[in-house]
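In what follows, a single structure is set out as structure tokens and then discussed.
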Amino acid sequence: VVFYKQEKTNLKHFGISEEQLPAMINLTNKKKYKQVGLTKENTENFLENYFSESLTPYEASGEVPEDNSKRNLKVIVRNDYKKYYEDIKKDIIIVFHSPYCRYCVELKPLLEKLADLYNKYSPKKIVIGTIDMVDNDMPEFTIHGFPTIYLLKGKTRETILFDQQRSFNNFIEFIHQNGYNKINLNKYLDKKEKEDL
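Here the sequence shown is numbered in the UniProt record's numbering, starting from 1 and rising by one per residue.
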């Protein structure tokens with residue numbers, strides 16, 4: 001049962017508005033199940049359907065920014081993740097973050113530069129994106145803290161954790177060594193671009 005204190009309970013995280021209270025949430029195995037506008041009858045139905053495994057999990061999704069198609073560093077949300085995942089010709093770097101994480105904020109300029117350069121030299125082979133874990137549920141991933149960074153390998157979609165120091169050269173080498181497309185960004189960069197890193 002959701003206990004609500006104005007300004008202290010993040011109802012949005014559960015996909016519930018204040019008008020839908022009282023509500024019940026079941027959090028099991030990284031999945032959320034919800035029932036809003038509780039009555040004796042729908043609570044019984046909710047529990048019966050839960051135990052018979054016939055409930056559909058609720059997965060929170062943020063909004064896609066209007067200018068996302070123009071951005072090189074993509075904002076990925078739950079509702080459009082499948083679009084990126086199914087484009088198996090591309091490797092995907094996903095950075096799971098929180099807007100409240102200082103390390104994530106500090107990492108963003110590096111990610112934007114990285115995304116700009118890969119978009120310039122290999123736009124059809126890689127996507128670099130971020131997922132805000134305050135607004136999105138991604139139960140298929142194990143998040144170790146923020147930022148957590150994974151490479152989803154093209155073709156196979158093998159998931160590889162990036163667990164190195166977050167430097168420009170380490171990202172380039174990680175993508176080159178582990179990506180399906182084996183992109184070596186260093187061979188494209190001119191002298192000035194290398195000096196700017």
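We treat Cβ as the ideally placed atom computed from N, Cα and C, and that holds for glycine.
Proximity of residue i and residue j at Cβ, strictly below 8 Å
i	j	result
K153	G179	yes
N181	I126	yes
P147	C104	yes
V95	I175	no
Residue i (DSSP reduced to helix, strand or coil)
i	result
D91	strand
Q20	helix
K187	helix
K32	strand
F174	helix
Spatial distance of residue i from residue j (CA atoms)
i	j	result
D135	D190	39 Å
K124	E158	19 Å
I131	I92	12 Å
E48	L21	21 Å
residue 211	E18	Beyond the ends of the chain as shown, which are 1 and 197, falls residue 211; an answer cannot be given.
N119	K12	34 Å
L73	P109	10 Å
R166	E53	41 Å
From the options, residue whose alpha carbon lies closest to that of residue i
i	options	result
M133	I76, L111 and E173	I76
T156	F174, E18, S167 and E86	E86
T39	A23, Y118, Y188 and E48	A23
E173	Q165, D163 and N184	N184
Q) Below 8 Å, can you find three or more Cβ-Cβ pairs linking the segment 53-66 to the segment 32-41? A) yes
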